[in-house]
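Just so you know, this note's numbering puts 85 at position 84 of the sequence shown, and the rest follows in order with no gaps.
Even glycine gets a Cβ: it sits at the ideal position worked out from N, Cα and C.
Quick caveat: nothing in here was measured; it's all calculated off a predicted structure.
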Amino acid sequence: ALGGTSTFLAANLYAKSIFGEDALVNVSVEKKEDADGKLTGYIRIRSKTQGIALSLGDRIALVQRMQGLGDGRKGKKTGAIQPAAKAEGAE
């Protein structure tokens, strides 16, 4: 909500590599209303090729580790945004 107070966000991001590979990143984030106010959510990377999806997933996990946002493992809820780096065919 633009004018209200919302605790979640969903966004779709598009990227194209220098090699012409396309990738779509779906981001879903929620701010918990507990005392810590941590962010939790998922990042889903979709691509026709596996290479760009794995590369983006590795980069996201690296940034999370550098900022102390959990271990970046897929599916484990640590209070950090979890990358779900998996190449999926176009639908």
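List the residues that DSSP assigns as beta-bridge partners of Thr41. Glu31
Which partner residues does Ala16 have in the DSSP bridge list? Ala24
Taking buried to mean at least 16 other C-beta atoms within 10 Å of its own C-beta, is Gly5 buried or exposed? exposed
Can you say whether Ile109 is buried or exposed, counting buried as having 16 or more other CB atoms within 10 angstroms of its CB? The question about residue 109 has no answer, for the chain in this structure spans 2 to 92.
Name the DSSP beta bridge partners of Ala36, please? DSSP lists no partner for Ala36.
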